[in-house]
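Each residue of the sequence shown is one higher than the one before, starting from 0 at the first, in numbering that gives the first Met the number 0. So the structure is just underneath, and the comments pick up after that.
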Amino acid sequence: MYIAIVSLIGVVIGALIAIIGTNINNRFILKELDKRTKMAEKMKEIDVLVLLNKKVHDILQKRDVELASAALGAEYQSFDGFDDCQITIDDYIYLQSYCAQNHYYLPTFMVDKFFENIGHRKIVLDPQEVRRIGAYTYQSGRIVLEAFSEEINQVIEDRKIELKQIRELK
């Protein structure tokens, strides 16, 4: 009888040790999984912001190329100031749809503020003129786009710092 009780106590102690070891292992695995998930999400945020910033820079570069070619021909428009910006209809729709599709990864306030600012600067032209140009013209739109690009760069740097902090967690 004594041997049966000691054996039963040994089995119970062994089971407790196994349960405690499994619990510690599960906590470690879940912590690593959570860390990887957070890192993947931060990297996705950075990728989305970099692509948005690249598109903004593409729009700004198109403006420079169009001005250089328009200055040589008769298509030059006198209302084009150095701060004015023409955003093609396709580019504007792309910006809106990209921001809508990736709203989870973008700072909503910053994006809403950008579209509000750029919307207030739209120059009203004859629809025929808009079709001929193929773009909407925004007064001082270049400044708004450059400021938006700077804000995006600042957010990217913040996300990189957060990613580095997540990597350093143990």
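Where a beta carbon is used, it is the ideal one built from N, C-alpha and C, also for glycine. Fair warning: this is a prediction, and the values are worked out from it, not measured in the lab.
Of the listed residues the options, nearest to residue i (C-alpha basis)
i, options, result
"Arg131", "Gln85, Leu51, Val11", "Gln85"
"Leu59", "Ile155, Asn22, Thr136, Glu156", "Thr136"
"Gln100", "Leu51, Ser139, Ile88", "Leu51"
"Ala168", "Leu15, Val110, Thr21, Arg35", "In the sequence on display, residue 168 carries Leu and not Ala. The residue with the shortest Cα to Cα distance from Leu168 is Arg35."
"Glu161", "Lys37, Ala3, Ala17, Ile16", "Lys37"
"Pro126", "Gly13, Val5, Ile88", "Ile88"
"Leu48", "Gln164, Ser148, Tyr1", "Ser148"
"Val143", "Ile155, Glu156, Asp111, Leu124", "Asp111"
Proximity below 9 Å, CB of residue i to CB of residue j
i, j, result
"Ala134", "Asp90", "yes"
"Phe108", "Cys98", "no"
"Lys54", "Leu105", "no"
"Glu44", "Arg158", "yes"
"Asp57", "Ser139", "no"
Residue(s) in a DSSP beta bridge with residue i
i, result
"Leu134", "First, the amino acid is wrong: residue 134 is Ala here, not Leu. Answer is Thr87."
"Lys121", "Tyr137"
Contact test: residue i Cβ vs the ligand ADP heavy atom, cutoff 8 Å
i, result
"Tyr93", "With respect to the ligand ADP, the structure shown offers nothing to examine, as it has no ligands at all."
Quiz prompt | Inter-stretch contact at 8 Å, needing at least 3 Cβ pairs: the segment 113 to 120 / the segment 20 to 40 | solution = Here the segment 113 to 120 makes no contact with the segment 20 to 40; the two share fewer than three CB pairs at distances below 8 Å.
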